[in-house]
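In this note's numbering, the protein residues as written are 4 to 36.
For every residue, glycine included, the Cβ atom is placed at its ideal position computed from N, Cα and C.
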């Protein structure tokens, strides 16, 4: 089991989700009310 690779993918997914939420909020869509 490659734990480092799993951690890397998990952090990447969290980072992408954070970026998408920030971009949506900056555009005007309220994802989190």
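If you draw a straight line from the C-alpha of residue 5 to the C-alpha of residue 25, how long is it?
-> The residue labelled residue 5 in the question sits at position 2 within the chain shown. The residue labelled residue 25 in the question sits at position 22 within the chain shown. For residue 5 and residue 25, the distance between alpha carbons rounds to 31 angstroms.
Helix, strand or coil for residue 31, going by three-state DSSP, please let me know.
-> For this step, residue 31 is matched to residue 28 along the chain shown. Residue 31: coil per DSSP, three-state reduction.
Measure the alpha-carbon distance for residue 21 versus residue 28 and round it to whole angstroms.
-> Taking the first residue of the chain shown as 1, we reach residue 21 at position 18. Taking the first residue of the chain shown as 1, we reach residue 28 at position 25. Roughly 11 angstroms separates the two Cα atoms.
Between the C-alpha atoms of residue 16 and residue 30, what's the straight-line distance to the nearest angstrom?
-> One-based indexing of the chain shown puts residue 16 at position 13. One-based indexing of the chain shown puts residue 30 at position 27. When rounded, the distance between both Cα atoms is 21 angstroms.
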